[in-house]
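Student: Once you know that position 17 of the sequence shown is 99 in my numbering, the rest is easy, because the numbers rise by one and skip nothing.
Beta carbons are placed, not taken as given, at the ideal position from N, Cα and C, and that holds for glycine.
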Amino acid sequence: MLGLFPRKRNIQKPEPIGLKFEFAPEAVYVSRMEVHDVTSEGKATREAILVELAHGPASIAELTTATGAPASTVRWIS
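Listed below in structure tokens is the structure:
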């Protein structure tokens, strides 16, 4: 499973896309799926930070540890 979360836009923000890959001996099959069906590891960094902040205030270091995102990304998003 793969979650794609576009971050850049020209006019409007594109919707996230979920893709499921199935490997067979003769082909690889790709199908769309709802993004919420993608595992939590596929969450956008912003969503992961917001989930952590819903539990209360957190430092950049704490958010970096909780989300696995680099400090520069956490600082930019928050």
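Hey, out of E116, L145, A136, whose CA is closest to G85's CA?
Tutor: For G85, the nearest C-alpha among the options comes from E116.
Student: Suppose you measure from the CA of V110 to the CA of I99; what does that come to, to the nearest Å?
Tutor: Those two C-alpha atoms are separated by around 18 Å.
Student: Please report the straight-line C-alpha distance between R91 and A126, rounded to a whole angstrom.
Tutor: Rounded to whole angstroms, R91 to A126 spans 16 Å at the Cα level.
Student: Grab the span of the alpha helix (DSSP H) containing V156 for me, first residue to last.
Tutor: Where V156 is concerned, the enclosing alpha helix (DSSP H) stretches over 153–159.
Student: Starting from I99 and walking both ways along the beta strand (DSSP E), at which residues does that stretch end?
Tutor: Segment 99–105, the beta strand (DSSP E) holding I99.
Student: Is T146 closer than 8 Å to A153 when the C-beta atoms are compared?
Tutor: Taking 8 Å as the Cβ cut-off, A153 and T146 qualify as a contacting pair.
Student: Given that a residue counts as buried once 16 or more other Cβ atoms are within 10 Å of its Cβ, and exposed if not, what is V174?
Tutor: Look at the range of the chain in this structure, 83 to 160, and you will see that residue 174 is not part of it.
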